[in-house]
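Chains as they are written, first to last, in the numbering used here: chain A, 404 to 816; chain B, 271 to 628; chain C, -7 to 319.
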Amino acid sequence: MNNKLSITLIAAALALTGCGEQKPPAKTEAPASSQTAAPPPAPEALEVKIGHVGPLTGGIAHLGKDNENGARLAVDEANAAGIKLDGKNVKFTLIAEDDQADPKVGTTVAQKLVDAKVNGVVGHLNSGVTIPASAVYNQAGIPMISGSATNPKLTEQGFKNVFRVVGRDDQQGPAIASYLAAEKKPKVVAVIDDATAYGEGIANEVEKTLKGAKIKVLPREKGTDKTTDWKAVLTKLRGRKPDAVFYGGMDATGGPLLKQGRELGIKAVFAFGDGACTDKMKELAGEAAEGLLCSQAGIPPQAASKNFLDAYKKKFNTDPILYSPFTYDATNLLIEAMKKANSSDPATYLPELQKISFTGATGPIEFDDKGDRKDAEITIFTMQGGKIEPLAVVKGGRTTPYEEFLKTMGGGK
Amino acid sequence: MKQYFNAKGKPWLVWIGFALVGVVLAVLPFALAQVGTSWVRITNYAILYVLLALGLNIVVGFAGLLDLGYIAFYAVGAYTYALLASPHLNIHLPFWVILPIGAGIAALFGALLGAPTLKLRGDYLAIVTLGFGEIVRIFLNNLSQPVNLTNGPQGIARIDPFQLNGFSFGTYEKFIGLEFSGPIKYYYLLLVVALAIILVNVRLQNSRIGRAWEAIREDEIAARSMGINTRNLKLLAFAMGASFGGVAGGMFSAIQGFISPESFVLVESIMVVSMVVLGGMGNIAGVVLGALLLSFVPEILRWTVEPAQRALFGRMLVDPEVIRMLLFGLALVLIMLFRPAGLLPSAVRRRELAERAP
Amino acid sequence: MDTFLQQVINGLTAGSVYAVVALGYTMVYGIIQLINFAHGEVVMIGAMVAFTVINALAPAGLPPLAVVLIGTACAVPVCMLVGYSMERLAYRPLRGAPRLAPLITAIGVSIILQHLALMIWSRNVLAFPQIIASRTYFIAGAAITTVQIAILAICVGLMGGLALLVYRTRLGTAMRATAQNPQVAGLMGIDVNRVIAATFVIGAALGAVAGVLFGTYYGLAQYTMGSVLGLKAFSAAVLGGIGNIPGAMLGGVLLGLVEALGAGYIGDFTDLCQYGWLSGAIDACEGGGQFILAGSNYQDVFAFIVLILVLVFRPSGLLGERVGERA
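So this is what it looks like as structure tokens:
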């Protein structure tokens, strides 16, 4: 046993040194190896790689795939359009990676894209993954646009290459809160969250806005993202008689919360953020779901420009789920900036991206100094007949009823 | 290490062996960087797990106390570093000050957990430690109110990388013609720390303390009657194991640059336990092997399972992550059933088994 | 007052579900001193199977009660099978091994069951079809639904049935004998292996019912639901005195009450502003503000704190006679 082990170990050591010895030649060929990754451009073709990252496995894989589809559609359209940079024909390729919605995997995958020398990145999906990954892109100087990370912190890091085309939590929170305040005129509001970065973040913004509107907010109650029994918390709230309840969290916990609230006889209006702004609420809460209010960052997918909707449906034979119009726009923004700079070199086209003005599937896009979208839209929904229906669109503090908003979008892109 | 090389009377063979391993470890990151810097990062995370597994091995392997909340100490170390080296509290201490502090605080937590639970039997202890791990995470998640200490679920961002006299571990540099990216620098640092911890472990194992732990593990009552102060020694095991976790946590914090309570969930604790159990409780080489194996498994699966499924069925049927967890579960069960001492059993256990089966 | 009464009702309902799950832990522990970590997953599988059946039968137009009963009738044998195979394949070979070995195996089994369930029923939260028209009654301002009443009744029935089984039947006598001393029980002609297997199977059947109750009460099931529920139920078993059947029932109900009342009132008690001498020192208190040290966000900590306190100060639990002499 001892002998066998020693032999294997030595063999393994030798095998490893074998690899090690090959290293010096490989080392001197460093440029060569990068060439294998990006084959030398044929005289008239330039390959531009765009990375897309989102969770392709795990609980929200369907959203990750949706995001990827949006980016893929943009890339395919750009290839069909035959774009030229610096006199050369450009072939865009999309490198899609899976970050499993895990921050550790996120940085590894980000490094993988940097290794592959991508020219720009669209992603990631979750804020918790996007923030650490953005540091990797920042170090490599690669522009990154997220179509779905809503945590304000992402763009507060001072990274010049980090952008997002979706509204921040501190835009969405105030939107739903001010809609609630204006339309339902509550005197006392209870705010609950699920103690996750997302839920607490949006609940904090709602609370801030309500307090600003001189509405009394009860001390925060919390559950977790796995809580199924909300009765203790709700019973306590019932004693304080709130006129409205806001919950920052996902539908899996928001549904039971709403159901149990009605069971306990709470008559208040229930409002939610985008995590619980789905048709699933009807399944989980039953009749209790009717009339709830909720918000989504950005415009509803069905309100994206018609061109995008048709093209998406045609290509993937399904409807966009949530953020694909945003990743579609993010990808187009990268391409547009490259066109303007007439280069795919990140350092060269980054300044163009910062000052871009572009009309995409989700409306006109411009970035502010931090890389956030100026005047991002937030949509308010209600549950009607078991379906989430848009009520109004809030933009720059102004509320437009949905019907009117659709008319303005009709002339989009 | 010696027992693995049959080098009786040939000390030079041992030295050559060490030299070979040393060369391999030294050039490894550059070889990996040829494939992709991402592999250096993966290796770095693997070394972090090696540190964790070695720390847990002191508690589980040496002293025989099953700890299912070990990740709490990792969290304590990570948060200590993050709080003392980030704009969150606006404190920026150098890493060589914080790491010992983090190790100390983690050790304190270890003793804090150990003290009331010393009387408990093995399986009760396991459950209490599990509860402890969850409590620490819940507190980290909620200590943003009424006074914002940990920033709650939002996590702490922009954590400083390690810096020494203007030399930052986070940045890219060219040095005597070699390209040192951030991950490569961290690789060497992690390697040094890992080797130091391995050395401490080896020395510990064969020391008075190590033997006393072994005695406690085998038969606590007998150990006490032999004059071993079981209480102090068990506390020491908890504190030492925890301090290693604290160091690993601090390094994780710096490498990652952003931490939140999400990174310190129960599954992580179980993962580290699996590494120790799979490799061989109480055997340092085994534990290192277990940690490396289990940390590379996800990457291997990513490269094999996905393409294989796509080729066979045209789409993904089972996530690699699910397969990974199933493999973990199976490994735990099968190892316990068929090879309870692990892949590389410790010498003592092997001796015991040999005695039983003549 | 209505708030307090409501919290008691909430606590009792949740607590009786804990109690039924805790019975599974305590029976197995009582007989072979194994913490069957995977018991929570058995409960989950019970809920999942019931979900599948109820979901399939819901549109068939059968009376709702019959549908739920059929669902339960399908979940129980599946869980019994899972419980039996678990014992046969993973735990029996390890009988007599060091204590840590079966515990680690149990963790492994739990991971396997969870991820198999994930593969079968997906990751999503499954919404139980809400076919039972739940009616709400108000007693002194506190709401109680028909489902809650049914849960309380079923749990009491199950506990009574189990007590009868353990104290009034031959199998029960054999179980108690095996728990006291397996060797001697074997000498007395008891098939110890069969008795242990029977214990697992009965525990699993109770778990299946608990899973169905949980699913219909909260209206959902998910592959992860077993781990949290299992941990809490285990805490309940420890609180009552693990290995002790009445103890598990008492522990479950008590834990349910502690959680409900804790989450309901901890925020009020830790609001430092109500303590006059402190409120002056804290800025946040000015103008009727609040400075709450710990609110409902610590709800999940209670179970663990109870667990640790009991284990440290009274390892035999509230009703346990056999003090931890088995060091």
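Each residue gets a CB set at the ideal place from its N, CA and C atoms; glycine is no exception. Quick caveat: nothing in here was measured; it's all calculated off a predicted structure.
- When the beta-carbon positions are compared, T558 (chain A) and G570 (chain A) stay at least 8 Å from each other.
- Contact annotation for A93 (chain C) against chain A: no contact, minimum CB-CB distance about 22 Å [criterion: below 9 Å].
- For the stretch 48 to 82 of chain C, the beta-carbon criterion of a distance under 9 Å to any beta-carbon of chain B is satisfied by L81, A82.
- Neighbours of L285 (chain C) in chain B, taken as residues whose beta carbon is under 8 Å from its own, are P416 in chain order.
- Residue state for G766 (chain A) is assigned as strand, using DSSP reduced to three classes.
- Nearest CB-CB separation between T216 (chain C) and chain B: not below the 8 Å threshold.
- Residue environment for Y159 (chain C): exposed (fewer than 16 other C-beta atoms within 10 angstroms of its C-beta).
- Between Q574 (chain A) and I781 (chain A) the beta-carbon gap is near 6 Å, inside 8 Å, which marks them as a contact.
- For the pair of segments examined, the stretch 186 to 198 of chain C was found to touch the stretch 71 to 78 of chain C: the number of CB pairs separated by less than 8 Å reaches three.
- Residue environment for M180 (chain C): exposed (fewer than 16 other C-beta atoms within 10 angstroms of its C-beta).
- Within the stretch 304 to 327 of chain B, contact with chain A at the beta-carbon level (separation under 9 Å) is assigned to Q304, V305, G306, T307, S308, W309, V310, R311, I312, Y315.
- Look at N470 (chain A) here: in three-state DSSP terms it is helix.
- In the three-state reduction of the DSSP assignment, A333 (chain B) falls in the coil class, being assigned neither a helical nor a strand state.
- For T785 (chain A), the beta-bridge partners assigned by DSSP are A:L696, A:E792.
- Interface with chain B (8 Å Cβ-Cβ cutoff): V304 (chain C) is included.
- Judged by DSSP in its simplified three-state form, N435 (chain B) adopts coil rather than helix or strand.
- Linking V284 (chain B) to L290 (chain B) through their CA atoms gives a straight-line distance of about 10 Å.
- Between the stretch 481 to 488 of chain B and the stretch 355 to 372 of chain B there are fewer than three C-beta pairs closer than 8 Å, too few to call the two in contact.
- Between the alpha carbons of E610 (chain A) and K634 (chain A) lies a distance of about 22 Å.
- Membership of K452 (chain A) in the beta strand (DSSP E) is indicated by the continuous run 448 to 457.
- Taking the CA atoms as reference points, T681 (chain A) sits about 10 Å from G658 (chain A).
- Neighbourhood of E404 (chain B) in chain C, by CB distance below 7 Å: F296, in chain order.
- When DSSP states are grouped into helix, strand and coil, N47 (chain C) belongs to the helix group.
- For P577 (chain A), the uninterrupted alpha helix (DSSP H) run begins and ends at 572 to 587, by DSSP.
- If only uninterrupted alpha helix (DSSP H) runs of at least 4 residues are considered, those enclosed by the stretch 643 to 709 of chain A are 654 to 666, 683 to 688.
- Of the candidates C:G3, C:V9, C:F(-4), C:Q(-1), the residue whose Cα lies closest to the Cα of G218 (chain C) is C:V9.
- Using beta-carbon distances, I534 (chain A) counts as an interface residue toward chain B, with a partner under 8 Å.
- For N492 (chain A), the enclosing beta strand (DSSP E) starts and ends at 491 to 501.
- The Cβ-Cβ distance between E624 (chain A) and G152 (chain C) does not fall below 8 Å.
- A Cβ of chain A is located within less than 8 Å of the beta carbon of S288 (chain C).
- DSSP lists C:I136 as the beta-bridge partner residues of Y129 (chain C).
- When secondary structure is reduced to three states using DSSP, I141 (chain C) falls in the helix class.
- Using beta-carbon distances, R428 (chain B) counts as an interface residue toward chain A, with a partner under 8 Å.
- In the three-state DSSP reduction, R80 (chain C) falls in the helix class (H, G or I).
- Judged by DSSP in its simplified three-state form, D596 (chain A) adopts strand.
- The beta carbon of S760 (chain A) lies closer than 8 Å to those of P767, I768, E769 in the same chain, with the five residues before and after it left out.
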